[in-house]
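Engineer: For the sequence shown, this note's numbering assigns the number 943 to the last residue and increments by one with no breaks.
We put the beta carbon where it would ideally sit given N, CA and C, even for glycine.
These numbers were taken from a predicted model, which means no experiment stands behind them.
Quick one: structure below, then a few questions.
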Amino acid sequence: MRALAPVLAVGTLAALGGCPLGGGQINPFVTYTEIFGAGGGTNAPVPPGSGGGSATGRFRNNMVVTLQNADAEAEVNVALLAWVNPSSIRNADQSDALISAGYVQIGREVRIGSAYTLAPGTFVLNGPGQGGALPLIVPPGDGTAPGSATVTLVTPDVLLLFRAPPTSCETPGFEFTIDGFPLRDIPAAGEGGAFPSSWEGGDGLLGIKTLAMYDVYQCDPFRPGLFFKVGGGAKAENEYFEGESVTVTFSRLTQDGVAARVVIGS
678 MRALAPVLAV
688 GTLAALGGCP
698 LGGGQINPFV
708 TYTEIFGAGG
718 GTNAPVPPGS
728 GGGSATGRFR
738 NNMVVTLQNA
748 DAEAEVNVAL
758 LAWVNPSSIR
768 NADQSDALIS
778 AGYVQIGREV
788 RIGSAYTLAP
798 GTFVLNGPGQ
808 GGALPLIVPP
818 GDGTAPGSAT
828 VTLVTPDVLL
838 LFRAPPTSCE
848 TPGFEFTIDG
858 FPLRDIPAAG
868 EGGAFPSSWE
878 GGDGLLGIKT
888 LAMYDVYQCD
898 PFRPGLFFKV
908 GGGAKAENEY
918 FEGESVTVTF
928 SRLTQDGVAA
938 RVVIGS
């Protein structure tokens with residue numbers, strides 16, 4: 678697999694709602710290098726069902742999120758948002774560990790579409806989008822292997838991949854473009870003509886894919902994203918244990934309503 682560093686997509690910022698954190702943020706000068714660093718966690722294995730954290734300054738182990746683009750022509754545009762709820766923090770040392778790892782603490786309420794409201798004190802990644810969202814571009818594959826982008830971060834409570842602030846499962850979840858241009862003016866192979874729109878409402882090759890097209894996202898009730906599993910018992914398909922890897926493979930061809938397949942763990 679060809680792993681490439683994530684590329685920040687400046688053009689995505691408007692869609693993500695502008696200034697992410699406002700005047701109440703703590704430690705606003707954390708760099709992108711720190712976001713991808715290992716400052717607040719370790720890579721040691723954790724028994725399944727562990728609640729994460731400890732009585733010491735370590736918070737949780739790192740997890741690796743790998744985004745794969747199965748298309749050989751178009752790049753994938755998506756935003757990654759991760760957060761840790763204030764109730765998950767046990768002491769000031771753990772707060773410091775998260776900040777050292779590239780999270781920042783918000784000082785005011787932040788709404789993520791109509792799906793989530795982040796309370797003051799929540800820790801989020803220090804991306805430029807709404808709620809600290811980190812816009813990414815995943816390059817196309819080379820014909821033999823998918824394009825990829827990999828992000829390493831301290832295991833959050835919630836991990837959300839999306840394209841626009843989520844209000845329903847019909848909200849854009851990710852988008853294919855070619856050299857930054859929408860696919861609305863680019864006919865797909867074999868279709869015989871240009872599409873009137875890039876919006877993807879079902880099976881096909883159009884560019885904008887909805888949240889419903891992630892195979893593990895929950896639509897009824899509406900609860901998009903992936904979630905940290907606390908306690909024992911089996912995981913739901915949209916849950917991960919502390920330190921588990923997450924791989925998402927994006928496909929331009931939507932089949933049976935799915936264009937993004939999520940694999941959690943090995």
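So leucine 795 is in the alpha helix (DSSP H); what residue range does that whole segment cover?
Structural biologist: Here leucine 795 belongs to no alpha helix (DSSP H); instead the beta strand (DSSP E) covers 793-795.
Engineer: Using DSSP's beta-bridge definition, name the partner residues of glycine 824.
Structural biologist: Bridge partners of glycine 824: Asn746.
Engineer: Beta-carbon within less than 6 Å of threonine 848's beta-carbon, same chain only, minus the 5 sequence neighbours each way: which residues are those?
Structural biologist: These residues qualify, in order along the chain: Ala841 and Leu888.
Engineer: Which whole-angstrom value is the C-beta distance of valine 923 and leucine 836, which I expect to be below 8 Å?
Structural biologist: Yes, valine 923 and leucine 836 are in contact; Cβ-Cβ is about 7 Å, under 8 Å.
Engineer: Would DSSP call alanine 810 helix, strand or coil?
Structural biologist: Here alanine 810 sits in coil by DSSP.
Engineer: Answer with buried or exposed for threonine 931, where buried requires no fewer than 16 other C-beta atoms within 10 angstroms of its C-beta.
Structural biologist: The residue in question, threonine 931, is buried, as its Cβ has 16 or more Cβ neighbours within 10 Å.
Engineer: Helix, strand or coil, according to DSSP, for leucine 883 in the structure here?
Structural biologist: Correct three-state label for leucine 883: coil.
Engineer: Are at least three pairs of beta-carbons, each pair with one atom in the region 843-860 and one in the region 821-828, less than 8 Å apart?
Structural biologist: Contact fails: fewer than three Cβ-Cβ distances are below 8 Å.
Engineer: With 16 as the cutoff for other CB atoms within 10 Å, does proline 898 come out buried or exposed?
Structural biologist: Label assigned to proline 898: exposed.
Engineer: Suppose the cutoff is 6 Å on Cβ atoms and the five residues either side in sequence are ignored; what does the same chain contact list for serine 928 look like?
Structural biologist: Correct list, in chain order: Ala747 and Ala936.
Engineer: Buried or exposed, going by whether 16 or more other CB atoms sit within 10 Å of the CB of valine 925?
Structural biologist: Classification of valine 925: buried, given that the 10 Å Cβ count is 16 or more.
Engineer: Out of Phe839, Trp760, Met890 and Asp892, point me to the one whose CA is closest to phenylalanine 905's CA.
Structural biologist: It is Trp760 whose Cα lies nearest to the Cα of phenylalanine 905.
Engineer: Check for me: the alpha helix (DSSP H) holding isoleucine 776 runs from which residue to which?
Structural biologist: Note, isoleucine 776: alpha helix (DSSP H), 769-777.
Engineer: Can you pull the DSSP bridge partners for glycine 905?
Structural biologist: According to the sequence displayed, residue 905 carries phenylalanine and not glycine. In the DSSP output, where bridge partners are listed per residue, phenylalanine 905 has Tyr917.
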